[in-house]
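Number of protein chains: 2
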Amino acid sequence: MLAVQSDQSVHASRPSLAPTGVSLDERMAHAAVRRLVAKEHVFCEGDDREHVFRVEDGVIAVYKTLPDGRRQIIDFAYPGDLIGLGVLSEHVLSAQATVSSRVRCLSAAALERMAETDASLALKLYKSVCQELAATRSLLVTVGQRSAIERVAAFLVALQRRTAGESSTINLAMRRSDIADLLGLTIETVSRTLTKLRTMAVIDIEQGGTRVHLKDMARLIDLANE
Amino acid sequence: MLAVQSDQSVHASRPSLAPTGVSLDERMAHAAVRRLVAKEHVFCEGDDREHVFRVEDGVIAVYKTLPDGRRQIIDFAYPGDLIGLGVLSEHVLSAQATVSSRVRCLSAAALERMAETDASLALKLYKSVCQELAATRSLLVTVGQRSAIERVAAFLVALQRRTAGESSTINLAMRRSDIADLLGLTIETVSRTLTKLRTMAVIDIEQGGTRVHLKDMARLIDLANE
DNA sequence: CGGCGTTTTGAGATATCTCAATGGGAGTGG
DNA sequence: CCACTCCCATTGAGATATCTCAAAACGCCG
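Order-wise, the sequence lines are chains A and B.
Its first residue numbered 1, the first sequence is counted upward by one per residue in my numbering.
Its first residue numbered 227, the second sequence is counted upward by one per residue in my numbering.
Printed below as a string of structure tokens:
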């Protein structure tokens with residue numbers, strides 16, 4: 001989700017005219033860590049927005065549900081990402097660990113109070129949300145325009161870029177139902193599409209179905225129609 | 227799109243520690259106006275991001291295209307909305323008038339320079355992008371989870387709330403193809419769905435097909451499954 | 001009045017969903 | 001250590017919502 005780059009001080013690049021005593025990272029270092037088991041919620045829609053969280057380990061699914069229970073995952077948050085930013089006093093989305101995870105808790109009020117007098121921090125938040133917006137738009141294009149195989153291919157490519165670095169093996173760290181709810185498909189279609197990609201020799205699925213080896217990245221990107 | 231509330235000065239609510247000489251609205255008042263005919267572009271993906279625009283009149287479709295020409299409209303921008311904000315030096319989206327429109331042009335560099343030393347303005351931009359993000363997420367839920375009739379109903383409800391005030395008559399001010407590309411449907415499905423809603427006596431479609439009267443708002447909201 | 005772009009409507013094709021059954025792994029308790 | 005259970009993934013077969021292709025009607029503008 002929101003990738004706020006680590007730095008030694010929020011004032012590193014440009015001196016602020018409204019200095020504060022404590023940098024974002026300093027606060028982060030002291031913030032309490034919370035451990036979550038798979039499926040445990042970080043927060044739910046409607047909860048008071050007391051904290052902003054930074055993912056330390058694991059994967060957090062940020063999602064919205066319709067009254068009848070259908071669920072759209074908006075984003076997966078990986079280590080380093082921030083979740084829970086917003087302008088309202090209540091959460092408008094829910095967030096749930098897909099596997100056992102750790103998050104660091106930061107007071108939302110304190111963060112936003114800092115930003116009120118610290119242009120550098122406010123601008124950092126602004127730019128971060130712009131990035132988040134770009135990611136959400138990208139998912140919207142995928143869900144609105146692409147076929148099932150294109151969606152799954154795009155998802156795998158995005159996951160590789162976001163979490164795997166140079167490696168061509170990715171760890172899904174989530175269930176098929178999570179992927180389905182991200183891409184606007186059913187679990188059966190996700191499963192069928194993954195086996196189709198395996199049949200096409202574009203990917204390998206390891207025993208357990210959670211680790212995937214991207215054998216033909218160029219082909220996968222092509223299939224994603226990016 | 228980004229709804230930056232009008233005010234007399236960006237310092238109205240809280241004195242900034244980093245004052246600037248010129249408020250956002252003052253700049254707006256002096257900014258050049260550009261007139262566009264239907265289908266004319268405000269900017270295209272890849273263009274240098276020289277300006278941020280505020281819509282004065284008409285409707286601007288902000289969209290992204292896939293290599294093969296499929297198009298996903300991300301948002302319609304109405305009078306008062308800002309378009310073209312971002313962190314990169316190039317536009318990552320295209321923007322096109324759906325009907326003849328007017329926009330005001332503001333230097334992107336100047337705006338972002340102001341924000342660097344004006345925490346109040348930076349925070350305002352942050353909050354605006356948060357709202358934009360919320361709208362995009364909402365559309366993502368619609369496109370990812372809802373059926374054709376739910377999507378069209380949700381679109382009509384959102385349009386009414388956003389542009390019609392108290393009135394129950396809305397002006398689409400766009401083609402069926404624009405609605406289709408917003409909702410991830412085809413023009414035929416949009417057309418059929420609108421006539422279905424008319425048959426159900428939930429809406430009336432005026433001669434010309436561009437003005438729609440929402441006869442049964444409660445039912446429409448229910449159909450949208452919101 | 002003619003022509004063009006757009007919308008509507010129809011009929012058939014198809015991608016994806018739904019429902020159902022099977023199988024594998026992980027954890028639990030005997 | 002072996003059943004047993006639960007959860008999840010896979011696979012199949014049939015249903016269906018939406019798409020595609022095609023034609024006709026409409027409305028606007030020159």
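C-beta: ideal position from N, C-alpha, C; glycine also.
My assumption, with CB atoms under 8 Å, is that residue 379/B sits in contact with residue 427/B. Please give the rounded CB distance.
That belief does not hold up - the Cβ atoms of residue 379/B and residue 427/B are roughly 14 Å apart, past 8 Å.
How would you call residue 207/A, buried or exposed, if buried means at least 16 neighbouring beta carbons within 10 angstroms?
Looking at its Cβ environment, which holds fewer than 16 other Cβ atoms inside 10 Å, residue 207/A is exposed.
Return no unless some Cβ of chain A is closer than 7 Å to the Cβ of residue 444/B.
Not one chain A Cβ lies under 7 Å of residue 444/B.
Would residue 353/B be called buried (16 or more neighbouring beta carbons within 10 Å of its own) or exposed?
Flag for residue 353/B reads buried.
Got a sec, what are the start and stop residues for the beta strand (DSSP E) residue 282/B sits in?
Segment 277 to 283, the beta strand (DSSP E) holding residue 282/B.
Give me whichever residues DSSP pairs with residue 347/B in a beta bridge.
Its beta-bridge partners do not exist; DSSP assigns none.
Could you give the distance in angstroms between the alpha-carbon of residue 339/B and the alpha-carbon of residue 311/B?
In a straight line, the C-alpha of residue 339/B is about 13 Å away from that of residue 311/B.
Using the C-alpha atoms, what's the distance from residue 366/B back to residue 139/A?
C-alpha separation (whole angstroms): 8 Å.
Figure out for me which residue from 327/B, 422/B, 275/B has the closest Cα to the Cα of residue 286/B.
Of 327/B, 422/B, 275/B, the residue nearest in Cα terms is 327/B.
Which partner residues does residue 159/A have in the DSSP bridge list?
Partner(s): none; residue 159/A has no beta bridge.
Go to residue 24/A, then tell me how far its beta strand (DSSP E) extends in each direction, as first and last residue.
First-last for residue 24/A: 24 to 30, but that is the alpha helix (DSSP H), not the beta strand (DSSP E).
Could you tell me the boundaries of the beta strand (DSSP E) in which residue 291/B lies?
Looking at the DSSP string, the run of the beta strand (DSSP E) that includes residue 291/B is 286 to 291.
Roughly how many angstroms separate the alpha carbons of residue 53/A and residue 182/A, rounded to a whole number?
Their backbone Cα atoms lie some 21 Å apart in a straight line.
I'd like to check one pair, residue 173/A with residue 105/A: are the Cβ atoms closer than 7 Å?
No. Outside cutoff.
Does any C-beta atom of chain A lie closer than 7 Å to the C-beta of residue 309/B?
With 7 Å as the cut-off, residue 309/B does not count as an interface residue toward chain A.
Going straight from the alpha carbon of residue 276/B to that of residue 318/B, what length do you get?
When rounded, the distance between both Cα atoms is 13 Å.
Is residue 55/A closer than 7 Å to residue 77/A when the C-beta atoms are compared?
Yes, they are a contact pair.
Establish whether the CB of residue 72/A and some CB of chain B are separated by less than 7 Å.
Output row for residue 72/A: interface = yes.
Taking the continuous beta strand (DSSP E) assigned at residue 89/A, which residues delimit it?
Where residue 89/A is concerned, there is no enclosing beta strand (DSSP E), given that its DSSP letter is neither H nor E.
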